[in-house]
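J.: Following this message is one structure expressed as structure tokens.
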Amino acid sequence: MNTLYTIGHSNMPIDEFIQLLKQYNIQIVCDVRSHPYSKYVPHFNAEALRNALLQHNIKYLYLGKELGPRSTNPNHYIDGKVSYQLLEQSSQFQNGLQRLIKGIEQFTIALLCSEKDPINCHRAILICKNLPHDISIYHILSDSSLESHQDLEQRLVVTHFKDTATLFNTYNDLVPQAYILQSKQLAYSAQTEEEE
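Our numbering runs 7 ahead of the 1-based position in the sequence shown.
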């Protein structure tokens, strides 16, 4: 079974970040930020990050154009916000997903975005949601532990439906609904400038 990791850089020191990648034998970091720059942690700007990773024999690949949470296509917006449901159907997103899947077959890859907690990031709520179920997905957390994507989905359901009676809803019914609710909270708005 193929495995994919994800990681959020947050405000992590670069040495700590690279140590986490090494701990899980990451060969390629796929940057899925729409804008691979940070004024708060400049060591995570694309070029600086690429150079730091190369010093440790880890490759850097930018896939934010294909798999990022923002879109230049106005058809992907509803009421000024990106719709993950529309974005995930686009040929650009699907091509990026296929490229990622092919990479996973050959390399140990970590998806990179800025959010510390994967439940608050499109890497889990948009990208991982759309990957085949035969790929094992693990989110590398800042304390160096792993959260499986199945555990993240359980956390997502609890977050959105903890007070909801499930007599008529099975867990499998609630997961897609929880993804939709979370995606609406995370979706980029044309009025904001913060990276998801």
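We put the beta carbon where it would ideally sit given N, CA and C, even for glycine.
Out of curiosity, what's the CA-to-CA distance linking Y145 and G87?
T.: In the sequence shown, counting from the first residue as 1, residue 145 sits at position 138. In the sequence shown, counting from the first residue as 1, residue 87 sits at position 80. Answer to the nearest angstrom: the Cα atoms are 32 Å apart.
J.: Determine contact between the region 148–164 and the region 125–138, defined as no fewer than three beta-carbon pairs at a distance below 8 Å.
T.: yes
J.: Tell me the residue span of the beta strand (DSSP E) that contains S121.
T.: Start at 1 with the first residue of the sequence shown, and residue 121 comes out as number 114. Taken as a continuous stretch (DSSP letters only), S121 belongs to no beta strand (DSSP E), as it is neither H nor E.
J.: Secondary structure at C135, three-state DSSP: helix, strand or coil?
T.: Along the sequence shown, one-based indexing puts residue 135 at 128. C135 falls in the helix class under three-state DSSP.
J.: By Cβ distance below 8 Å, which residues in the same chain neighbour N25 in space, the five residues on each side in sequence not counted?
T.: By 1-based counting over the sequence shown, the position of residue 25 is 18. For clarity, residue 25 is Ile in the given sequence; the question names Asn instead. Only A59, L60, H63 and I65 meet the Cβ criterion.
J.: Taking C-beta to C-beta, are A194 and S78 nearer than 8 Å?
T.: Here residue 194 refers to the residue found at position 187 when the sequence shown is read from its first residue. Here residue 78 refers to the residue found at position 71 when the sequence shown is read from its first residue. It is not a contact, given that the beta carbons lie outside the stated cut-off.
J.: Return the residue from the list D141, E112 and F100 that minimises the CA-CA distance to R130.
T.: Walking along the sequence shown from the start, residue 130 turns up at place 123. The candidate whose alpha carbon is nearest that of R130 is F100.
J.: Using the Cα positions of N80 and L94, report the straight-line distance between them to the nearest angstrom.
T.: Within the sequence shown, residue 80 is the residue found at index 73, counting from 1. Within the sequence shown, residue 94 is the residue found at index 87, counting from 1. Roughly 9 Å separates the two Cα atoms.
J.: Quick check on the burial criterion: 16 or more other C-beta atoms within 10 angstroms. Buried or exposed for E154?
T.: As a first step, residue 154 is located in the sequence shown; it is residue number 147 there, counting from the start. Buried.
J.: Considering only the alpha carbon of each residue, which of L28, E23 and N18 lies closest to A117?
T.: As a working note, residue 117 is residue 110 in the sequence shown. Per the Cα distances, L28.
J.: Cutting at 6 Å between CB atoms, please list the residues of its own chain near R57, excluding the five before and the five after it.
T.: Translated into positions along the sequence shown, residue 57 becomes position 50. So the qualifying residues of the chain are Y67.
J.: Kindly list the residues whose CB is nearer than 8 Å to the CB of V182, restricted to its own chain and excluding five residues on each side of it in sequence; keep chain order.
T.: The sequence position of residue 182 within the sequence shown is 175, counting from 1. E160, L163 and V164, listed in sequence order.
J.: Determine which residues share a DSSP beta bridge with I111 and list them.
T.: Here residue 111 refers to the residue found at position 104 when the sequence shown is read from its first residue. In DSSP, I111 forms no bridge with anything.
J.: Whole angstroms are fine: how far does the CA of T177 sit from the CA of V36?
T.: The residue labelled residue 36 in the question sits at position 29 within the sequence shown. The residue labelled residue 177 in the question sits at position 170 within the sequence shown. One C-alpha to the other measures close to 36 Å.
J.: Find the nearest neighbour of Q30 within the set Y12, G71, E73 and K46, judged by alpha-carbon distance.
T.: For the purposes of this step, residue 30 is identified with residue 23 of the sequence shown, where counting begins at 1. Residue Y12 is the option with its Cα nearest to Q30.
J.: Grouping DSSP H, G and I as helix and E and B as strand, with all else coil, what is T177?
T.: Within the sequence shown, residue 177 is the residue found at index 170, counting from 1. The answer is coil: DSSP assigns T177 none of H, G, I, E or B.
J.: To the nearest angstrom, how far is it from the Cα of T40 to the Cα of Y47?
T.: In the sequence shown, the residue the question calls residue 40 occupies position 33. In the sequence shown, the residue the question calls residue 47 occupies position 40. The question names Thr, yet the displayed sequence has Arg at residue 40. Cα to Cα, the separation comes out at about 15 Å.
J.: Please name the residue or residues paired with H146 in a DSSP beta bridge.
T.: As a position in the sequence shown, residue 146 is number 139, starting the count at 1. Per DSSP, T13 and E154.
J.: Tell me the residue span of the beta strand (DSSP E) that contains K66.
T.: Position 59 of the sequence shown holds residue 66. Per DSSP, K66 belongs to the beta strand (DSSP E) from K66 to Y69.
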